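**Student:** The structure's right below; bear with me while I get my questions together.
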DNA sequence: CTAGATTAAGATAAAAGACTCCGAATTAAA
DNA sequence: TTTAATTCGGAGTCTTTTATCTTAATCTAG
Ligand code: SF4
Ligand code: SF4
């Protein structure tokens, strides 16, 4: 189902983007995120918990509690989130599954794949959550700003 | 663990490339493939069985039996193999996991991701097994030609 | 023709990933 | 101060993927 990143990771990217649209100081609850983004409630809870542990989010319990960004939106790149959830093994893994991905005994696809992998990396580090939130046009995300 | 393609698919790509190095008419057994490429024997059996069903390989039972290419090596692209094992959903799926990957409400990463996805597709259709086999320098593949 | 080697097929098991449930801890609001 | 809302943490379930085991079918070599 997922292409490159785990389901958890996809959910994390979606949720953090949503949280970034909230006015500063306002918390977003798991309930709201789960409902609007259609993510399993308890599963999302665990994921956000992890992001808090990694410092990307902060949390608060009790009524009107929830989650907020742990640092400025522009300082959280997609890479930070992927790194926190899936790890970054993909940066040195072969797409064909050979044990050792190096230029030592390159196959016919190595250069092509190397470029693509760099492209993925570039996408992740060049896009931050501020941009993602700002440019987000999907209707379910319009609610966050309200 | 795998980046884009399933483990099965990776094994298939490796095995078919190995088979392509054998002189025409010679069959390659599961035993040989499993040993040299370090792939679980029975698991590989199932995978090759599937590739036979899809027409990419042919098989023969009995002593000196095994598998051989079902068509000319230059006519089997990486895409054919991926298509046979994993399917090609990745060609229209969002890397961030949003339900609907279209240009309708594009996010900030859409263009970048679209290019990468096209690049992956291009890699798969432009590389065929003849090329892969010919350019293969990995030592375990040198045995095949012997 | 026989024996052994090999693929085919189905059932099962183990591991990983995705998801659920429950209760405890915390905290803001009433 | 009480209550209810919320995150936290652990355990458990379900599903998918990966891998193993066993037997049957087939074919070649001798
Ligand atoms: S050479 Fe081909 S196989 Fe080896 S790592 Fe690079 S891409 Fe993977
Ligand atoms: S726009 Fe962004 S989110 Fe929507 S499909 Fe393209 S990449 Fe995925």
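Protein chains in written order, with our numbering: chain A, 364 to 509; chain B, 364 to 509. Backbone N, C-alpha and C fix where the C-beta goes; we use that ideal spot for every residue, glycine too. In this text the structure is predicted, and so the values were computed from the model without any measurement.
Taking residue 476(B) as the reference, give the member of 494(A), 470(A) and 483(A) with the closest Cα.
**Tutor:** Closest by alpha carbon: 483(A).
**Student:** Can you confirm whether residue 377(B), when its beta carbon is compared against all beta carbons of chain A, has any partner nearer than 8 Å?
**Tutor:** Closer than 8 Å: yes.
**Student:** List, in order along the chain, the chain B residues whose C-beta lies closer than 8 Å to that of residue 431(A)?
**Tutor:** Those do not exist, as residue 431(A) stays about 21 Å from chain B at its closest Cβ, beyond 8 Å.
**Student:** Are any of the Cβ atoms in chain B nearer than 8 Å to that of residue 507(A)?
**Tutor:** No, residue 507(A) does not count as interfacial toward chain B.
**Student:** What is the rounded straight-line gap between the Cα of residue 372(A) and the Cα of residue 470(A)?
**Tutor:** Near 30 Å, if we compare the C-alpha coordinates of residue 470(A) and residue 372(A).
**Student:** From residue 401(B) to residue 377(B), what distance separates their C-alpha atoms?
**Tutor:** So the two alpha carbons sit approximately 10 Å from each other.
**Student:** By how many angstroms is the C-alpha of residue 375(B) removed from the C-alpha of residue 418(B)?
**Tutor:** Going by the C-alpha atoms only, they are around 13 Å apart.
**Student:** Roughly how many angstroms lie between the CA atoms of residue 415(A) and residue 399(A), to the nearest whole one?
**Tutor:** So the two alpha carbons sit approximately 21 Å from each other.
**Student:** Starting from residue 495(B), find everything on chain A with Cβ-Cβ shorter than 8 Å and list it in chain order.
**Tutor:** Within chain A, the residues near residue 495(B) are 470, 471 and 472.
**Student:** Quick one: list the residues of chain A neighbouring residue 373(B), beta-carbon separation under 9 Å, in chain order.
**Tutor:** Ordered by position in chain A, the residues that pass the 9 Å Cβ test against residue 373(B) are 457, 458, 459, 460 and 461.
**Student:** Taking just the CA atoms, how far does residue 431(A) sit from residue 389(A)?
**Tutor:** Spanning the two alpha carbons is a distance of roughly 7 Å.
**Student:** Tell me which same chain residues have a C-beta within less than 8 Å of the C-beta of residue 384(A), skipping the five on either side of it?
**Tutor:** Only 496, 499, 504, 507 and 508 meet the Cβ criterion.
**Student:** If you measure from the CB of residue 378(B), is any heavy atom of ligand 2 nearer than 7 Å?
**Tutor:** Because no heavy atom of ligand 2 lies under 7 Å away, the Cβ of residue 378(B) does not count as near it: no.
**Student:** Taking the alpha-carbon positions, what's the residue 393(A) to residue 422(A) distance?
**Tutor:** About 11 Å.
**Student:** Nearest chain B C-beta to residue 479(A) closer than 8 Å, yes or no?
**Tutor:** Yes, because at least one Cβ of chain B sits closer than 8 Å to the Cβ of residue 479(A).
**Student:** Is the Cβ of residue 500(A) closer than 8 Å to any Cβ of chain B?
**Tutor:** For residue 500(A), the answer is yes, since a Cβ of chain B falls inside 8 Å of its Cβ.
**Student:** Ignore the nearest five residues each way along the sequence and tell me which others in residue 491(B)'s own chain have a CB closer than 8 Å to its CB.
**Tutor:** Closer than 8 Å at Cβ, skipping near neighbours: 436, 437, 438, 439, 440 and 441.
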